[in-house]
Each structure stands twice: as C-alpha cells, then as structure tokens.
Amino acid sequence: MDGSVLFLAMARISAELSPSADQALWILDGYGFAVGSLLIAFGNIGDRYGRLRLLMTGAAVFGAASAGAAFAPSAELLIAFRVLMGVAGATLLPSALAVLSELFTDARRRSQAIGIFAAAFAAGFALGPVVGGQLLAHFWWGSVFLINIPVVALFLLFAPRLLREVRTGGRGRIDARSVVLSAAGILLAVYGIKHAAAHGPAVVPLVAAGAGAALLWWFVRRQLRLEHPLVDLRLFRDRVFAIAAVTGLLPLAAWSAVAYLGGIYLQSVRGLDAFDAALVTLPGAIVLTVTTVVTPAVVARTGTRAGLLASHFLVAGGVLLILPTGVSGGTGWYVASTAVAGVGYGISFSLVADTAVAAVPPERAGSAGAIAETSNEFGNALGIALLGSLAALVFRLQGPDLAGTLTETLQVPGITAAAAGDAQAAFVTGLHAAALVAALLHAALGVFTLRHLPRGGVRGRAEAKAEPGAGG
C-alpha cells in the first residue's frame, strides 16, 4: 500500500511543498529504488543473523521514517524519509516470505499461505490510492504516512509471540562492493534521466547518467566473476526464468506510471477532488485483487504459459484504452483501462515468483525468488522514473513553459485560461506517450513469450518440483 498511496496525494504535496519536477518523481520512487537496491543484500543478512530479528528492526525503522515523512517541512526532507522507508522496506519482503515458509511445513498449506500473502500484497498496491483518497478527503497530506504507525505497532507487539526465527547461515560473504555499485549506479543513472527530462540536457545530469551506466556495467561484470554473487545473473540464461523476471518488472512499471499520472490527470485535468478520484480508481483495484486470488486455480487448468501470455496482452490492451482520454472528457475510458489492465496485472502478480522458482534447480530457488521480488520493486520504481520522465519531457516540450510540472503551472499567479488549457493538453499528451510506450513493451514481451516459451514446459517443471522426492 505504501508504494501506491502517494499517487493521489502528490497533487496536495505539490501544492504544499512545491517540489520541482524531478523532486516530485524522487518523492514517489525514491522508496522503490532503495528497496530494489538493497533487497537481495538484506535477504543475505537475514539468512545469517535471523529473519525475525531483521523484520523487527526493519518494521521499527519503517514506522519512525513514516512519522518523519508525515511531518516533513520540505521536499528534500520528504525524499530523505522516503528513502529511509525504502531501506527499512528492503528488510521486510524477503524475510516475511522466509518466516511464512517456516510456519507452514506442509507443502499444500504453505502454497495456500503464500497465495494469500501474494493476494494481500497485490491488494495493498491496488487499494493504496483508494485509502489515500479517503484520508485526503478529511486530513492533510501527511496522514497517508501516519496510517503505517498502528500497523507497525501491532506487528511489533504480536510478531515475537506468533512468528519463529529463521536463520540458514547463508553462503559466502555479503559483497559490499556489489551493494555499493548497484545502488550508486541505479541512483546516478536515474538522476541523470529525470533531470534531463524535466529541465533539458545539461553537463551534470549527463555525466551522472554516464557514470551510473558505467557502475552498473562494472556491477554486472563483477557478478559474473564472483563465486557467490549478490545477484546470480547466470539464472537469466534460462529462458523461462528470464521471461518470468521481465514479467515481474514490466507490468508493475506500467501500473505505477499510469497510476501516478492518472492521479494527476483525474485531479488537475478533470477537476475531481481526492475522494472522487479515489472512487474512479476503485473498479480497477477490485479487478486486480480478485484476479490475483483466482489466478492460481485458473492457471492450474490452463498452464503458466497461457497465463503469462494473457497477462502481457491484457496489460497492453488495457493501457491503450487510455489514449481516448482528453482534457474535456475520458474518465470512463480511464476506468475501462484500469479494469482491463487490472486483469493482466493480477495475473502477473500471482505467477511471477512461482514461475521463476520453478524454472531453476531447487538449490538455486532462493536466488531466483530474490531476483523475482527485486524485479517487482524495480518495476514499480522504473515505471515512475522512466515513463514518468517521458511524460515530463513531453510536458516540457509542448507546455506553456511557465513551470516544470502541471501542478506548478496551474498555480502560477495570473495564469490565463488559454495557458492553463495548453498545460493540461500537454500533460494529457505526455500521459498518452507513456501509455503507448508501456503498451508496445508489453505487446513485444507477449510476442516474445509466444515464440520462445515452451508449451507445457513451465507447468511441467513446476509440477515436478512439487512431487515427493523431486527436491521441492
């Protein structure tokens, strides 16, 4: 929920804190990049020092950072607290899955428990804008962060009594250089892209982007040489695993970008208040959550290949339904888009982790699961960073050039109705550009899956792992 609750709050935050265009993007996706950069590292730390201990520490830091974000007096401090929340969030997901698996030793019960966990995870993403809209209708923008506090307090109270410690000892040592290379490379590259999109090309962002790309190349080369890499990139040699990992990334990229840009569209272009905008997002949220719950039963009959193909093409088709939206109308098209694409998102959320783990030998299942989880977090952050930057670039090129964002432009003193209309039209064009790119990427992934994923191969391998004596 915390990854998406800000989408509707950004209009209010922009009005109160006046972030620049690239600062607004960092407020949204600084959390996701911190999580994605550190997820595997914290998974290794949990193996050595205890998953439950890491969960407790991470939850406490997450709660403290949420309180800091709620009362942040500036955009810079809000970004800092969001990044700290991401650092704490990186401790939660892999450790939660490990502890959950430890609680249910029976394979069937464990599968059901993980299915419920995945459904709750998807529901949190989907319902974040709805909950945020309800809070914003009655309280100030910081309330979207304070909802974390009671959840954290309940967890810290009951977790020591209900959960069990999990410690496996891990393999090798944690490669600190790999952690630094990946985090620094991602942050520098994304900073350069965002700054160039919002303000135009300049020496500093171009140098930052180049340095980030070089660090990431160094990171990849290092992972291929290490005996115990931070990210086992050799797993991508398996075609099924590679498709599953990309499927974990692309749908979340499309969903996060469309949800972020859609929240601004509904409020700053269509003129809806936060509560009404939240109601508009509700059908898509319901569809996504229900699809996540029912997908395992359907895929058990149709096979994973069919599920992945349906996911890719439904997201592509659903996102394309945004193209008829405009300044003077299109709310209905937006609802239809979120509902159709929501089916595709729900399928992908349910299938990615199991497909990735089923594609590799049992002794590499932990690495496969960690990469699948990381692809989800990166997708959420990359969608806003890259597709959001594309929309910002279009707005900068076609807008009235009064400010870097639509919200800032509409707040310019004395702005004329014509200039406001031009700004709204430029934003809608940027939304359409981001949606079109997302749709084309999903269509291309669907065609690739259709041509290269073996018929029945994924399902058969997953079933083999579940059989007694098959190592799963």
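Read the sequence shown against our numbering and you will find it ends at 1272, with the numbers running on by one and no gaps. Glycine included, C-beta positions come from ideal geometry on N, C-alpha and C.
Outcome for residue i when other beta-carbon atoms lying within 10 angstroms are tallied against a minimum of 16
i       : result
Thr1089 : buried
Ile916  : exposed
Val1281 : Because the chain spans 801 through 1272 in this model, residue 1281 falls outside it and cannot be assessed.
Ser1189 : buried
Val1003 : exposed
His1232 : buried
Leu1061 : buried
Val805  : buried
Ser982  : buried
Phe871  : exposed
Gly939  : According to the sequence as given, residue 939 is Phe; it is not Gly. It is exposed - the Cβ of Phe939 has fewer than 16 other Cβ atoms within 10 Å.
Gly1271 : Reliability fails at Gly1271, whose pLDDT of 38 lies under 50, so the model's placement of it is uncertain and the value that follows must be treated cautiously. Counting Cβ neighbours within 10 Å, Gly1271 comes out exposed, since fewer than 16 surround it.
Arg1261 : In this predicted model, Arg1261 has a pLDDT of only 48, less than 50, meaning its place in the structure is not dependable; the value taken from the coordinates is given anyway. With 16 or more other Cβ atoms within 10 Å, it is buried.
Ala1217 : exposed
Ala1059 : buried
Gly1010 : exposed
Pro1161 : exposed
Gly1214 : exposed
Trp1055 : buried
Arg1259 : Reliability fails at Arg1259, whose pLDDT of 48 lies under 50, so the model's placement of it is uncertain and no value is given.
Phe862  : buried
Rounded Cβ spacing between residue i and residue j (contact assumed at less than 8 Å)
i       : j       : result
Ala811  : Ile1064 : 6 Å
Glu1199 : Ala1223 : According to the sequence shown, residue 1199 is Gly rather than Glu. That pair is a contact at about 5 Å.
Ser895  : Arg851  : 4 Å
Ala875  : Leu817  : 5 Å
Ala1234 : Leu1202 : Not confirmed; about 22 Å, so no contact.
Ala1110 : Gly1144 : 7 Å
Val1080 : Thr1131 : 6 Å
Phe1149 : Ala920  : Not confirmed; about 11 Å, so no contact.
Ser814  : Thr1174 : That pair is no contact at about 30 Å.
Ile1043 : Leu1108 : 7 Å
Pro950  : Leu808  : That belief does not hold up - the Cβ atoms of Pro950 and Leu808 are roughly 21 Å apart, past 8 Å.
8 Å Cβ cutoff met for residue i and residue j
i       : j       : result
Met856  : Ala869  : no
Asp1038 : Ala1159 : yes
Ile845  : Ile974  : yes
Leu963  : Val899  : yes
Phe945  : Thr891  : no
Ala1014 : Val1127 : no
Ala1078 : Gly1183 : no
Gly1142 : Thr1095 : no
Ala821  : Ala1220 : no
Gly1048 : Gly924  : no
Gly889  : Tyr831  : yes
Val952  : Ala859  : yes
Ala1116 : Gly1246 : yes
Ile827  : Leu878  : yes
Leu1241 : Leu1024 : no
Gly985  : Pro1005 : no
Val1069 : Phe881  : no
Check: residue i C-beta below 7 Å from any heavy atom of the ligand SAH
i      : result
Glu876 : For the structure depicted, the ligand SAH is absent and the ligand set is empty, with no information on it obtainable.
Which runs of the alpha helix (DSSP H) at least 4 residues long sit entirely within the stretch 929-987? Give them in chain order.
943-946 and 948-962
Runs of alpha helix (DSSP H) lying entirely within the stretch 1038-1066, each at least 4 residues, in chain order
1039-1064
What residue ranges within the stretch 1072-1145 form continuous beta strand (DSSP E) runs of no fewer than 3 residues, ordered along the chain?
Runs of the beta strand (DSSP E) lying entirely within the stretch 1072-1145, each at least 3 residues long, are absent.
Which parts of the stretch 873-907 are runs of the alpha helix (DSSP H), unbroken and 4 residues or longer, counting only runs that do not cross its ends?
875-889 and 893-903
Complete alpha helix (DSSP H) runs within the stretch 1161-1240 (minimum length 4 residues, chain order)
Unbroken alpha helix (DSSP H) runs of no fewer than 4 residues, entirely contained in the stretch 1161-1240, are found at 1165-1182, 1188-1198 and 1206-1210, following chain order.
Residue ranges of each alpha helix (DSSP H) run of no fewer than 4 residues wholly in the stretch 1006-1032, ordered along the chain?
none
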